[in-house]
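Report on one structure; see the data block that follows.
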Amino acid sequence: MRYSRIHLLKFLDTFYPLPSVMDACSFVKLVRKRTSRLAEFLEKEVLASNANQRSRSFDAKVHVDIAKSLDSLLSLKEKDVERVIWEEHKLTDERLLTCLVPYQMAANIIMRGLPQNVRKMCVEELRDEEDYYLKGITKKGHNKFIQWIERDVFVSTGLNYLRRLSPLRHARIPVIAVMGHSQHGKTTLLDVLQKTSFSEEESRGTSQSIRAFTISASESGFSSVTFVDTPGQRVFTETRFHAQIIADALLLVVSLVDGVQIQTLEVIKVALNIDKPILVVLNKLDLYSDPRKADEAMFNVLMDLREAGLNVVMVHKPKDIERLRACESSTKLDAQSSKEVQNTLQLFAPMKKVDAQYKGSKTHPVVNLKRSCAGVCISAKKRENLDLLWSLIELMSSTLSPFCHSRMGNYTSHSCSHQAVILESSKHLFDEESFRLRKNVQRLQKRQDATNERQKLRLEKNSVSARIHSALNNDRKKLQSSNPTSTNCLVLTVIVREGCITKGLLFVADQTRGRVDYMIDAAGNFVDKAYPGTAVIIIDVHSNTGCPGVGTHLLSMPFVDERDRVFEYRRWLQWFIECFPNRLNLLRPRGMDVSFAHLGDYGQIGNTHCLEYQLLYGPPQDAFSTGINSQSTEEELSINGSKPLEKSIAEYLSEKNLEDRERHNGSPLEDGSHQKILMEDDLEVTLQTTWTQLQPRKRPETQEMHDEMIKSCIQIGVLFKVDSWHSARMLHREINRLGTRKVAFHVVGMRFGELTADDIMFFGRAMKIAVCYRTPLGLSTDLDQYLEINDTWVLQTDDITEVILFLKWCAVALHKEHAPDDYGVTERSHKSYLVLMKDKSGKSPGKKMDQQKNSRHRRLLVTPNF
1 MRYSRIHLLK
11 FLDTFYPLPS
21 VMDACSFVKL
31 VRKRTSRLAE
41 FLEKEVLASN
51 ANQRSRSFDA
61 KVHVDIAKSL
71 DSLLSLKEKD
81 VERVIWEEHK
91 LTDERLLTCL
101 VPYQMAANII
111 MRGLPQNVRK
121 MCVEELRDEE
131 DYYLKGITKK
141 GHNKFIQWIE
151 RDVFVSTGLN
161 YLRRLSPLRH
171 ARIPVIAVMG
181 HSQHGKTTLL
191 DVLQKTSFSE
201 EESRGTSQSI
211 RAFTISASES
221 GFSSVTFVDT
231 PGQRVFTETR
241 FHAQIIADAL
251 LLVVSLVDGV
261 QIQTLEVIKV
271 ALNIDKPILV
281 VLNKLDLYSD
291 PRKADEAMFN
301 VLMDLREAGL
311 NVVMVHKPKD
321 IERLRACESS
331 TKLDAQSSKE
341 VQNTLQLFAP
351 MKKVDAQYKG
361 SKTHPVVNLK
371 RSCAGVCISA
381 KKRENLDLLW
391 SLIELMSSTL
401 SPFCHSRMGN
411 YTSHSCSHQA
421 VILESSKHLF
431 DEESFRLRKN
441 VQRLQKRQDA
451 TNERQKLRLE
461 KNSVSARIHS
471 ALNNDRKKLQ
481 SSNPTSTNCL
491 VLTVIVREGC
501 ITKGLLFVAD
511 QTRGRVDYMI
521 DAAGNFVDKA
531 YPGTAVIIID
541 VHSNTGCPGV
551 GTHLLSMPFV
561 DERDRVFEYR
571 RWLQWFIECF
581 PNRLNLLRPR
591 GMDVSFAHLG
601 DYGQIGNTHC
611 LEYQLLYGPP
621 QDAFSTGINS
631 QSTEEELSIN
641 GSKPLEKSIA
651 EYLSEKNLED
661 RERHNGSPLE
671 DGSHQKILME
681 DDLEVTLQTT
691 WTQLQPRKRP
701 ETQEMHDEMI
711 KSCIQIGVLF
721 KVDSWHSARM
731 LHREINRLGT
741 RKVAFHVVGM
751 RFGELTADDI
761 MFFGRAMKIA
771 VCYRTPLGLS
781 TDLDQYLEIN
791 DTWVLQTDDI
801 TEVILFLKWC
811 AVALHKEHAP
821 DDYGVTERSH
831 KSYLVLMKDK
841 SGKSPGKKMD
851 QQKNSRHRRL
861 LVTPNF
């Protein structure tokens, strides 16, 4: 196994270099090998200190005595380690078959087998090391006997190397996230800027996924820039949050007609807390023929934005751009300017550079934050004022001056010398909407299909028929056991941070390892080199691992062996953290930090006040107790002269969301700006009313009460087939909110790609409902037969609103069937026939499945009659 130089240096000085966690087999091999080396060292020391007594018999006796004193370590077996870990320390879990050995237990096992004098020196070393960590001091040098080492690689691993290599910084392409409420014109604006037509391919004009585009200087006439397009519906909160974290600045699109809405407020509050500059774009100016009404609408929007925390300085003419540029330069030169002047003039600088007392934070977010920003009024459809917008974007980019440390292409020089941040991940090659537009992606898919067909034909020529089927089934089982998604094509949308990514680059990302086989842009064109700031789609066609999480970093590795070693270590570490979240102190020496943010939460979230927690799961846990008597509390605080408690971000957004629902007659679904397909309006209102009445009469106040309520419900298994990591996370989170007081949905599987007969065979009766969201339409006779035999209800759609509506429909139907007394119905519902909902043209396809070429536009619903 080859190691880079930085890892070899860690292994040379210490007899027992121990990582945070190992499996029992690797631990036993390391102990035996290192103990042999320790025995040689001790033998040389004894012989050197007794040089006058040396003889053959004396040397042989010393060799035997030392081997005898280290016999327990030299003959250590896996069952001995398993006995200590599983029986003595009870570190077992039904999900684990592998014995995981954390650092502290590994050190204890080794010290038990050391001679007394060596053990004493080892204990003294470890105590000194712990004292250093408890005092917050980094110890210089390594211990002689037992030393904790870091086997993982991080972003800092590569950055430290690049800084040592060259202190120079290079300018990189800025990344700007386009944010805003649904139907405010984000995708339309990007289509105009880059001369594409992605908005026409969206599900009825509403973005359902995240995309990234890099517009070169030759295309725009201005500096190169990377745009990130985000969906604006409520359920895509996590998608927007990740886009804001990754971007350098935000482009906030607000419709003059609809004004500031709930998702607009969410974007503003998040941006103010993570301290990202904002450029406000007031869109749909073309809908106003009267200039006075347009000015009135713009004034109302600006007032609402000011109330939300944005003081927008509007730009109407090119002279305003020059004035802003002059103000920015004068502010940089005038160090004595007041805070108010800086806050007004530095529209594009992070607030913490303008005001050192700025309180924005991801860990402790604040509602009442304010900043100044620039704004422009445009019409994306009529292409009005786009030059002003481009000038503002260029000015903002020059003010931010994003940089990188390297643009080189050689990734074998050092670990993590090339880096990218993951914006989206998937395990199948195409999505339903854009596959027809991407000719190169179609060619890749055809190439993969042809390769699989050649392998099948080769197997048929060399084997008899019975052995063929046996081998195919065995290969399929092996693939499914090592890869839970049952596909071998990893697709990552990334933003390059360091280095020039090229074909052939080896990488690790979160719990994933891979190789760059192909690179394409958002339009499907092949890309040879991706420089820092560029958005690119990386494809690994031989992947046997899962999807990395969005927001994690793709890190280059020089050798395959080292990449696999880091991958295996991360997998052990992830298993331990997931199975034993309350025993993380065993992973490192006492006094060291044991948080592993790059591996997910797994019960580690202790701060329910952090921004991400509040956006995804609502108000902090203590907010419920403080909010019970909020009115009396505020009165007491006013009497004492103290300020009342400030609302949390989640409470603020919940109130605004409630006001928005009341304004729209209590409709909890999305804005309804697109055509209704799944259900007519009157039936939708009836369904929503019934579902609301079947909700728990009293919400559980504790986790224990919630668990008891779930146990008393009917458990319904749901399989999701999705297109991306964000879709999987979003559906897994939303489904917990869509049951009733007698029906609880349980996710039995989350897979990528189209629904197949293998999915039905694998999950069987554990699955009652299958939802295919933004996946290709699987049409086969076998699939239809398995669905009918398994009595599975299926929805195929690319609209999240239909998914939510369908699951509510299922919850009501199952509640009515399994709990008629609680439902208020005496007779049980009978399954009469299967129903296929209307297609896009509005014509009913009938009772049997219509094999049309334009099946992509169909919305299939296979369920009992409701």
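Mapping of the sequence shown onto the UniProt record's numbering: residues 1 to 866, in sequence order. Cβ atoms here follow ideal geometry from the backbone N, Cα and C, with glycine treated the same way.
Taking C-beta atoms as the reference points, Val-421 and Ile-495 count as a pair closer than 9 Å. Exclusion of the five residues before and after Arg-497 leaves Cys-404, Gln-419, Ala-420, Val-421 and Pro-532 as the residues of its chain whose Cβ lies within less than 7 Å of its Cβ. Excluding the 5 residues flanking it on each side, Pro-115 has same chain C-beta neighbours closer than 6 Å at Ser-69, in chain order.
Per DSSP, His-553 is one residue of the beta strand (DSSP E) stretching across 553-557. Counting every other CB atom within 10 Å of its CB across the protein chains shown gives Gln-261 a total of 16 or more, marking it as buried. Ranked by Cα distance from Tyr-569, the options Glu-655, Ile-149 and Lys-317 are led by Ile-149. Scanning its chain for C-beta atoms nearer than 8 Å, with the 5 sequence neighbours on each side dropped, one finds around Val-101 the residues Val-21, Met-22, Asp-23, Ala-24, Phe-27, Val-81, Ile-85 and Ile-109, in chain order. Taken atom to atom, the span from the alpha-carbon of Pro-277 to that of Phe-745 is near 41 Å. A residue is called buried once 16 or more other Cβ atoms fall within 10 Å of its Cβ, and Arg-765, having fewer, is exposed.
For the options Cys-810, Asp-758 and Pro-174, the alpha carbon positioned closest to that of Gln-785 is the one of Asp-758.
Rounded to the nearest whole angstrom, the CA to CA distance from Ile-215 to Val-722 is 29 Å.
The DSSP assignment places complete beta strand (DSSP E) segments of no fewer than 3 residues inside the stretch 689-756 at 714-722 and 743-752, in order along the chain. Selection Leu-76, Glu-651, Ile-520 and Asn-52 evaluated against Lys-33 yields Leu-76 as nearest (Cα-Cα).
Out of Thr-206, Val-178, Ser-197 and Tyr-16, the CA that lies nearest to the CA of Gly-113 is found in Tyr-16. Beta-bridge pairing by DSSP links Ala-171 to Phe-403. In this structure, the beta-carbon distance from Ser-648 to His-609 falls below 9 Å. Counting only residues of its own chain and dropping the five nearest sequence neighbours on each side, Met-709 has a CB closer than 7 Å to the CB of Pro-696 and Pro-700.
For Trp-809, the enclosing alpha helix (DSSP H) begins and ends at 800-818.
The alpha-carbon of Ser-595 is positioned some 21 Å away from that of Leu-126. Note: Asn-283 is bridge-paired with Ser-255 in the DSSP secondary-structure output. Rounded to the nearest whole angstrom, the CA to CA distance from Met-705 to Leu-324 is 57 Å.
Straight through space, the alpha carbons of Ile-137 and Asp-13 are spaced by roughly 21 Å. Restricting attention to Ala-530, Leu-492, Asp-191 and Ile-176, the CA atom closest to the CA of Ile-501 is found in Ala-530. Glu-82: not part of any beta strand (DSSP E); member of the alpha helix (DSSP H) spanning 78-82, first to last residue.
Secondary structure at Val-267: helix, using DSSP grouped into helix, strand and coil. Annotation for Leu-250: Ala-177, Met-179, Ala-271, Lys-276 and Ile-278 place their beta carbon closer than 6 Å to its own, counting only its chain and skipping 5 residues before and after.
By the beta-carbon neighbour count (other beta carbons within 10 angstroms, threshold 16), Gly-504 is exposed. When Cβ pairs closer than 8 Å are counted between the two stretches, the stretch 283-296 is seen not to touch the stretch 312-319, the count staying below three. DSSP places Arg-513 within a strand segment (E or B) once states are collapsed to three. Considering only Ala-106, Phe-580 and His-181, the residue with the shortest C-alpha distance to Leu-96 is Phe-580. In terms of CA proximity to Pro-365, Lys-269 leads the group Lys-269, Asn-160, Leu-162 and Arg-563.
When the alpha-carbon of Ile-789 is set against those of Ser-780, Ile-760 and His-815, the nearest one is in Ile-760.
Taken atom to atom, the span from the alpha-carbon of Asn-368 to that of Lys-353 is near 19 Å.
For Ile-789, the enclosing alpha helix (DSSP H) covers residues 781-790. Excluding residues up to 5 positions away in sequence, Val-270, Glu-612 and Leu-615 lie with their Cβ nearer than 7 Å to the Cβ of Phe-241 in the same chain. Within its own chain, the residues whose Cβ lies closer than 8 Å to the Cβ of Thr-226, once the five positions on either side in sequence are excluded, are Ile-173, Pro-174, Val-175, Ile-176, Ala-212, Phe-213, Thr-214, Ile-215, Ile-495, Gly-533, Thr-534 and Ala-535, listed in chain order.
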